[in-house]
Amino acid sequence: MIEVAGLTKNYGEIRALHNVSFSIADGEVFGLLGPNGAGKTTTIKILTTLSNPDAGRCVIDGYDISGSPHEIRKRIGVVPQENNLDRELSAYENLLIYGMLHSVKERGRRIREVLETVGLWERRDSVVQHFSGGMQRRLILARALLPEPSALFLDEPSVGLDPQIRRHIWDVIRKIRKDRRTVVITTHYIEEAEALCDRVGILSKGRVIALDAPGRLKEQVGDYVVEFVDEDGRLVQHVCRSRAEADEKARSIEKAVTIRQANLEDVFIKLTGERIE
Amino acid sequence: MKALSGWYPVFLREMLLFRRKLLRLSYLFSAMIVPLIYLVAFGFGLGGSVKIHGTSYLAFLIPGLVAMSSMNNSYTWVASALNLNRLYFKTFQIFVQSPISHSAIMAGEVLAGMVKGLFASMLIILVGFATAPGFTVTPLFLLTLLLNCFLFASLGIITGMRAKSHEDTATYTNFFIMPMAFFSGTFFPLDKVPIIIKAIIYIMPLTHTNILIRKTSLDAEGLVSLGVLCAYAGVIFFYGSRIIRRYSE
C-alpha cells in the first residue's frame, strides 16, 4: 500500500510538485502520465527516497519515507530513467553488487532467475557497454526485481526504445503484475499507460489533474474523436459521445477527416488545452 | 560497527572496476608519470649535488614522493569517479537507494580510494628501493601512508559530492591539492621557510604526513603530527559521511 498526501517539492523558484495526493493498493499497476516537466520523475524520486519533499507525507507498506527511509529501501525496486549500470562490469557483476547491497539470499539462483525473466542469462558474462539500449533497460528491470521488492517503481521504462523492444518490456511488466507486486510507472506514452495500468494519475505542472481507471477517464471526454487539419495547418478535434454522432460530425466537415477512438491524450487535452508530447 | 555493515559491496564494485583499469596500460602510466617526472627532474637532476641533513637528496625525496603520490591517487580517483558516478552515470544513486547506511557507503568508497593510493605508492616505493640506497620502509612509514590515504580518500568524497560538475573538481584540486604537493615538505625541508609561511604550511595535512613518514621512530614532533593527521582524518570522514546522509536530489 502506497499513500501520498500533500506532496510538495520546489527547486528554487520552480514548484515541481504542488500538493500531490494519491493512494495505490497492493498489487495495483498505477501510472503517472504527463508531459516532460509535469513532475513524474520528481514524484518517483521522492517515493524511492532519492529526494526529500518540502512538504507532505508518503507511506509505503506502513513506513514513512522521511522517518524510515531504510525500511522503504528494503521494500522497493527502482528502474530509473537513466540506464545507470556499471558499463565496464558484466551483467552478472552488476547484479551481484546490487544483490549484495540488498542482502539478497541465494544470490546465484536469484540472479539466474531474473536474468532468465528478461532473456539475458546467455549474456550474463558480457560487459554492459556492449549491450544495446533495450538490453540495458531489461538488465535494469532484472536488477530491480532481484531483491523481490513489494513495490516496483519504473520511471519511463520504455523511453527511446523501438516498438518491438517496448513490447518486450511490457511483457516483463505484465509478468511482474502476475506476482501481485505493486507497480508504479511514469510515462508520457499514452499507449503504455493504457496497456499496463489499472489506474492512471494525470500530472500537469506539478499537480494531479485527474485520477481514475483509463476507461473511466476516457468516458469523461467521450468515445470517439473526429479530427482534421484546417486551412492554417492546425489539428482540429471534436470529441463525440457515440459513433453515430461522430459520423454525423464527419459528414458536416468539408475536408478529409479521421474518426478514431478517444485516448488518454484527449483527456489531457480536454483538461489542460495542451498535448502531452 | 553495525553502521558500517554493507561497506563491502561498495568496495567490491570499485575493486572490480579497478581490476579492469589495471589491465589498461594508460592507468598505470597515469599513476606513475607525475612522481616519476619529479623523481627524474629533482632526484636525479638536482639531487645529485644536494645533501639534506647528511643524507642523499634522493633518500629525502622518495618518502615525500610516496606521500604526494598516495595523496594524489587516493584523492583524485575518488573525487573524479564519485563526481562522474553521481552526476553523469547516476550509479551513485544505487547506493543511496539501497538499505545500507551512509557510513557504509563512505567506508566502502574510502577503502577503495586507499587501495588505489597504496597501489600507486607501492610503485614509487619499489623505485625507491632500486634507486635510493638510504631509503627504508619502517612500521611508522606504513602507518603514515595508510593514514594519509584514508585522509585524502575521505577528502575526495567531499569534493566528489560537492563539485557541481566534473570541471569543478579541477578547481578543488588546484586550490587544495596542488599547493599541498609543492609546499608541504615534499621537495625541500621546511626549517628555512619564513615563519609566516611556515604557519600556513603547518595547517596543511600533507606537511604532517611528510614529517611523520620520514621519521624512524615516534618522537614528540611526530606525535603532534600523528595527532593532527588523526584529527583531520576523523573530521573529514565524519563530514563526508554527513554529506552522503543528507544527499537529496
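From first to last, the protein sequence lines stand for chains A and B. For the first sequence, the positions run 169 to 445 when my numbering is used. For the second sequence, the positions run 25 to 273 when my numbering is used. Idealized CB from N, CA, C, for every residue including glycine. In this text, all values refer to a predicted model and were calculated from it rather than measured experimentally.
**Asked** Any idea what DSSP makes of Lys415 (chain A), helix, strand or coil?
**Response** Rather than Lys, the amino acid found at residue 415 (chain A) in this sequence is Asp. Helix, per DSSP.
**Message:** Can you tell me whether Lys75 (chain B) is buried or exposed? The criterion is at least 16 other CB atoms within 10 Å of its CB, across all chains shown.
**Reply:** exposed
**Asked** Under 8 Å, do Thr216 (chain A) and Thr354 (chain A) count as touching if we go by C-beta distance?
**Response** no
**Prompt:** Would a C-beta distance cut-off of 8 Å place Lys343 (chain A) and Thr426 (chain A) closer than the cut-off?
**Reply:** no
**Asked** Helix, strand or coil for Ser29 (chain B) per DSSP?
**Response** coil
**Request:** Find the nearest neighbour of Ile139 (chain B) within the set B:Leu41, B:Leu247, B:Ser73, B:Ser241, judged by alpha-carbon distance.
**Result:** Ile is not the amino acid found at residue 139 (chain B); the sequence shown has Val there. Answer by Cα proximity: B:Leu41.
**Candidates B:Met56, B:Thr210, B:Leu52, B:Ala131: closest to Arg266 (chain B) by CA position** = B:Ala131
**Request:** Identify the continuous beta strand (DSSP E) that holds Asn107 (chain B) and give its terminal residues.
**Result:** Not the beta strand (DSSP E): Asn107 (chain B) falls in the alpha helix (DSSP H), residues 81-111.
**Asked** Nearest to Asp229 (chain A) by CA position, among A:Asp366, A:Gly267, A:Ile337, A:Met169, is which residue?
**Response** A:Met169
**Prompt:** Under a Cβ-count criterion, where at least 16 other Cβ atoms within 10 Å of its own Cβ denotes burial, should Lys386 (chain A) be classed as buried or exposed?
**Reply:** buried
**Prompt:** Does the separation of the CB atoms of Arg243 (chain A) and Ala193 (chain A) fall below 8 Å?
**Reply:** no
**Request:** Mind listing the chain B neighbours of Glu274 (chain A)? Cutoff is C-beta to C-beta under 7 Å, in chain order.
**Result:** Those within 7 Å of Glu274 (chain A) in chain B number zero; the least Cβ separation is about 16 Å.
**Request:** Evaluate Gln121 (chain B) with the Cβ neighbour count: other Cβ atoms within 10 Å of its Cβ, from every protein chain shown; 16 or more gives buried, anything less gives exposed.
**Result:** buried
**Request:** Give the single residue among B:Ile235, B:Tyr51, B:Ile220, B:Thr183 whose Cα lies nearest to the Cα of Arg110 (chain B).
**Result:** B:Thr183
**Request:** Please name the residue, chosen from B:Ser189, B:Leu247, B:Val248, that lies closest to Leu106 (chain B) on a Cα-to-Cα basis.
**Result:** B:Ser189
**Prompt:** Three or more beta-carbon pairs under 8 Å between the segment 76-89 of chain B and the segment 207-215 of chain B, yes or no?
**Reply:** yes
**Request:** Report back the beta-carbon spacing between Val102 (chain B) and Gly180 (chain B) to the nearest angstrom; my notes put them in contact at under 8 Å.
**Result:** Right, their Cβ atoms sit about 3 Å apart.
**Prompt:** Quick one: Cα of Val389 (chain A) to Cα of Gln429 (chain A), how far?
**Reply:** In this structure, the CA atom of Val389 (chain A) is about 11 Å from the CA atom of Gln429 (chain A).
**Message:** DSSP has Lys177 (chain A) in a bridge; who is on the other side?
**Reply:** A:Leu185
**Message:** I'd like to check one pair, Gly152 (chain B) with Cys173 (chain B): are the Cβ atoms closer than 8 Å?
**Reply:** no
**Asked** What three-state label does DSSP hand Ile227 (chain B) in the structure shown?
**Response** coil
**Message:** Does the CB of His238 (chain A) have a neighbour CB from chain B at under 8 Å?
**Reply:** yes
**Asked** So, helix, strand or coil for Lys408 (chain A), using DSSP?
**Response** Checking the sequence, you will find Cys at residue 408 (chain A) rather than Lys. When DSSP states are grouped into helix, strand and coil, Cys408 (chain A) belongs to the strand group.
**Message:** Rounded to whole angstroms, what is the Cα-Cα separation between Asp415 (chain A) and Ile421 (chain A)?
**Reply:** 10 Å
**Prompt:** What does Tyr266 (chain A) reach in chain B if we use C-beta pairs closer than 9 Å?
**Reply:** Pro33, Ile118, Ser122
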